[in-house]
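What follows is a single structure, written as structure tokens, with notes after it.
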Amino acid sequence: MARRKKIYEGKAKILYEGPEPGTIVQYFKDDATAFNAQKKDVIEGKGVLNNRLSEFFMTGLNNIGVPTHFLKRLNMREQLVRSCEIIPLEVIVRNFAAGSLAKRLGLEEGTPLPRPIVEYCYKDDKLGDPLVTEEHIAAFGWASQQDMDDILSLALRVNDYLSGLMYGVGIRLVDFKIEIGRVYDGDFQRLVVADEISPDSCRLWDLQTGQKLDKDVFRRDLGSLTDAYTEVAERLGVMPKQATHISKPKLIN
Ligand SMILES: Nc1ncnc2c1ncn2[C@@H]1O[C@H](COP(=O)(O)OP(=O)(O)O)[C@@H](O)[C@H]1O
Ligand SMILES: [Mg+2]
355 MARRKKIYEG
365 KAKILYEGPE
375 PGTIVQYFKD
385 DATAFNAQKK
395 DVIEGKGVLN
405 NRLSEFFMTG
415 LNNIGVPTHF
425 LKRLNMREQL
435 VRSCEIIPLE
445 VIVRNFAAGS
455 LAKRLGLEEG
465 TPLPRPIVEY
475 CYKDDKLGDP
485 LVTEEHIAAF
495 GWASQQDMDD
505 ILSLALRVND
515 YLSGLMYGVG
525 IRLVDFKIEI
535 GRVYDGDFQR
545 LVVADEISPD
555 SCRLWDLQTG
565 QKLDKDVFRR
575 DLGSLTDAYT
585 EVAERLGVMP
595 KQATHISKPK
605 LIN
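Heads up: the sequence shown is residues 355 to 607, going by the numbering used here.
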């Protein structure tokens, strides 16, 4: 069998050339990293869960008219996506204070924000993805004013969709990060939601108990990451509930 061409290997995923021009295969690894890859581990099963969850969220978005790069899932760890030119920004939407925002503004984690706050970080691992303003984005030409209007609208639509979906299964969407890509249809360029949407890129808290069901479980050593992600997947009906006990065959003598 011919070897596939690897395009890029990142912290959580590998990109391979897709079967048709303009497509890419995204392979979800089990690697977990935090604090700009200073903390690393391999968490068995994480890639499978994120592949399924990202498929679920992206399919839902496509179906309500929010364009994404997602085309179809290929197997347990891989999905076919449209190849995009990624805008070098991490687009963060926050509904409640947590993480760096809580620290920066001295807010207690979980404080409701007066309205969703959208932040932009420049995607550069060497610099630690620094926070930037629209002024920097315009001055350095990372995105045009029209792009920024479209990015804001996409980010808020994803926020409403994900918040509602999570609320329905008793989970609070505290914040999340998305990446946006450009695709070209003939002479026209469109922006689509790219990369992944998964508990790696969201903060998800149980509505009743406040239990964390996202990558903070790994960042802060709060227990099993796969248990947390499996809980999210089960509540959303993405993964069937695990059989509680599969008994081994018994020897009869
Ligand atoms: N549809 C797409 N087309 C091209 N690149 C993409 C697409 N979706 C995601 N990417 C890029 O692929 C990489 C995914 O791998 P990941 O492990 O998340 O990398 P990183 O360590 O850079 O975050 C990211 O750099 C992301 O920007
Ligand atoms: Mg990434």
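Every residue gets a Cβ at the ideal spot worked out from N, C-alpha and C, and that includes glycine.
{"Item": "Reduced DSSP secondary structure (H/G/I, E/B, other) of Leu434", "Value": "strand"}
{"Item": "Close beta carbons around Leu428, own chain, < 6 angstroms, minus the five adjacent residues each side", "Value": "Leu434"}
{"Item": "Reference Asp483; option with closest CA among Leu545, Ser454, Lys360 and Pro470", "Value": "Ser454"}
{"Item": "Distance between beta carbons of Ser517 and Leu527, contact taken as under 8 angstroms", "Value": "5 angstroms"}
{"Item": "Proximity of Asp581 and Arg557 at Cβ, strictly below 8 angstroms", "Value": "no"}
{"Item": "Nearest to Lys394 (by Cα), restricted to the options Val402, Lys400, Leu369 and Asp385", "Value": "Asp385"}
{"Item": "Identity of the residues DSSP links to Gln380 by a beta bridge", "Value": "Leu369 and Gln433"}
{"Item": "Lys400 vs Tyr583 beta-carbon contact at 8 angstroms", "Value": "yes"}
{"Item": "Residue interval of the beta strand (DSSP E) (run including Arg526)", "Value": "Ile525 to Asp539"}
{"Item": "Residue burial classification, Glu444 (beta-carbon count within 10 angstroms, cutoff 16)", "Value": "buried"}
{"Item": "Among Gly524, Asp549, Gly522 and Lys480, nearest to Gly535 - alpha-carbon criterion", "Value": "Asp549"}
{"Item": "Distance CB(Arg436)-CB(Val523) smaller than 8 angstroms", "Value": "no"}
{"Item": "Buried/exposed call for Pro553, threshold 16 Cβ in 10 Å", "Value": "buried"}
{"Item": "Leu425 to Tyr381 span [Cα, whole Å]", "Value": "14 angstroms"}
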